[in-house]
Amino acid sequence: SSWHVEKVLYFQAMFQGADGLTDCNKAKMQSSFTSLTLSGTWPYDWSAFECSPPPFPPLRPPSPSPPGIFTNNAALKAAADAYCADASGAEATYGPIAHWDVSRITSMDYLFYGCSSFNGDL
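So the sequence shown is numbered by the working numbering: it starts at 633 and just counts up by one.
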């Protein structure tokens with residue numbers, strides 16, 4: 633994950649209903665988010681999930697668009713809702729979700745709540 637979540641204090645129901653998350657994505661988030669967040673603030677226990685490395689080196693991704701920079705929770709929630717409704721359209725507006733700057737966000741409560749198809753790379 634490239635999301636900087638060091639300042640996040642609240643993750644309540646962040647992925648509630650996000651049934652599209654793969655075990656691999658859960659494993660990546662578990663590893664990254666638990667090491668970056670304050671002790672005890674990451675509410676999910678996805679430690680049992682694993683993510684095998686790809687069999688071949690991944691292709692170099694294209695240069696990312698300028699990332700979305702979020703300074704408040706409402707703006708991030710609006711972008712996440714847009715991403716859930718139309719990922720391509722949201723990417724055109726906010727850039728790739730993996731590159732969103734969330735370093736100033738303190739709460740991710742309900743961020744992807746009900747987004748059943750969400751499986752984005754954070």
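We treat Cβ as the ideally placed atom computed from N, Cα and C, and that holds for glycine.
CA-to-CA distance, residue j to residue i, given in whole angstroms
{"i": "I701", "j": "P687", "result": "34 Å"}
{"i": "T666", "j": "L708", "result": "21 Å"}
{"i": "S684", "j": "T725", "result": "32 Å"}
{"i": "W678", "j": "Q662", "result": "6 Å"}
{"i": "G649", "j": "S664", "result": "21 Å"}
{"i": "A710", "j": "K660", "result": "24 Å"}
{"i": "P675", "j": "G721", "result": "30 Å"}
{"i": "S739", "j": "F647", "result": "13 Å"}
{"i": "G599", "j": "L668", "result": "Missing from the structure shown is residue 599; the chain here goes from 633 to 754 and no further."}
Which of helix, strand or coil DSSP assigns to residue i
{"i": "I737", "result": "coil"}
{"i": "Y745", "result": "coil"}
{"i": "Y676", "result": "coil"}
Counted within 10 angstroms of its Cβ, other Cβ atoms place residue i as buried (16 or more) or exposed
{"i": "N704", "result": "exposed"}
{"i": "A706", "result": "exposed"}
{"i": "G752", "result": "buried"}
Contact between the segment 713–732 and the segment 671–683 (3+ Cβ pairs under 8 Å): no
Three or more C-beta pairs below 8 Å linking the segment 634–642 and the segment 650–658: no
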